[in-house]
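Asks: Take the sequence shown: its position 94, counted from the start at 1, is 94 in UniProt numbering, and no numbers get skipped.
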Amino acid sequence: MKKIITLILFIANLATFSQSVKSELRVFSFEEVEQLHQQKPKPIVVFTYTDWCKICFGMKKNTFQNNEIIKLLNDKFYFINLNGEEKKEITFLGKTFVYKPSGNKTGTHELAIELAAIKGRISYPTTTILNSSFEIEAQIVGYLNSKNFISL
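1. DSSP state of Phe57, grouped into three classes?
2. Is the number of C-beta pairs between the segment 63-72 and the segment 83-100 that are closer than 8 Å three or more?
3. I need the DSSP call for Leu152, collapsed to helix, strand or coil.
4. For Gly107, write down the residues that DSSP places opposite it in a beta bridge.
5. Does DSSP put Leu36 in a helix, a strand or coil?
6. Using the Cβ count rule (16 or more neighbours within 10 Å means buried), how would you classify Leu82?
7. Just the C-alpha distance for residue 169 and Phe64, rounded to the nearest angstrom, thanks.
8. Quick one: Cα of Leu36 to Cα of Thr106, how far?
9. How far does the alpha helix (DSSP H) with Ile70 in it reach, from first residue to last?
10. How many angstroms separate the CA atom of Thr126 from the CA atom of Thr48?
11. Nearest by alpha-carbon distance to residue 155: which of Met59, Asn104, Glu110 is it?
12. Less than 6 Å between C-beta atoms, sequence neighbours within five positions excluded: which residues of the same chain meet that for Phe149?
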């Protein structure tokens, strides 16, 4: 009887553990992508967000936690998170991009403007897809759920 109970507990523990194994989305910096791209060219997905954006937070919490999305991004793309209000310099493709203040406590990073602006305006979140030649293939504004992201 003791052996049966121990076996049942072991199997239940194993089943619980196997369900909780979750893939981790690999997030790269622009500098890392430049180096990796030389060895293995792949398209790039840049997710431009801000810390105050609730829709951005929703995509991070839902879309980018989906195992199917994680597998797709890890296998087929380099994934980069870009805070549109990042204050540190970012060097990408031989150019240094900086934060440009537009008021007392507001501003936008030049790289966010370069990658996420559509007709001169940035909306958050914006998901930008760069092809393997670093050209913008698509810019999608707003929330993308897992189903829409995969169909993209």
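The C-beta atom is built at its ideal place from N, Cα and C for all residues, glycine as well.
Replies: Taking the structure as given:
1. helix
2. no
3. coil
4. Pro101
5. helix
6. buried
7. No answer is possible for residue 169: the residues shown for the chain start at 1 and end at 152.
8. 33 Å
9. 67-76
10. 5 Å
11. With the chain running from 1 to 152 in the structure shown, residue 155 is simply not present.
12. Thr63, Ile69
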